[in-house]
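Here is the structure we will look at.
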Amino acid sequence: MTNWTEIANLEDIPKLGARVLKTDTMDIALFRTAGDEVFAIKDECPHRQGPLSQGIVHGTSVTCPMHNWKIDLASGAALGPDEGCTNTYATKIEDGRVFLALSTENEVAA
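Each residue of the sequence shown is one higher than the last, beginning at 50 in the working numbering.
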């Protein structure tokens, strides 16, 4: 079962930037694209756990600030010759508010 939890206003996340949602078990990076899509992924590069929230957003991917790995925001998968994956979380936007999908597998304290 999926529960949607309001976590931010769209305007709280800068275009081509990120904000971090801190939970009891991990940090989740919220990314906003130039087209106002919002993606939520674990704020940890699969390579050396670099903070993806500090990376550069381009299109629907982010480049890790530590070693330039490119991570697809929709799937969490490393792009190009690199291999690895980080967790992703479903989001939706309603009336300028951003919601994160919560299930029994990923409980988040908002």
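Even glycine gets a Cβ: it sits at the ideal position worked out from N, Cα and C. This structure is a prediction, so every number in the text was calculated from the model and none was measured.
Within 10 angstroms of the beta-carbon of K64 lie fewer than 16 other beta-carbons, which makes it exposed. Sequence-distant Cβ neighbours of L59 in its own chain, meaning closer than 8 Å and more than five residues away, are R81, D85, V87, I142, G145, R146, V147.
With a 10 Å radius around the Cβ and a threshold of 16 neighbouring Cβ atoms, A123 comes out exposed. Rounded to whole angstroms, the gap between the alpha carbons of D121 and S110 is 4 Å.
Boundaries of the beta strand (DSSP E) harbouring R68: 66-71, taken from the DSSP string.
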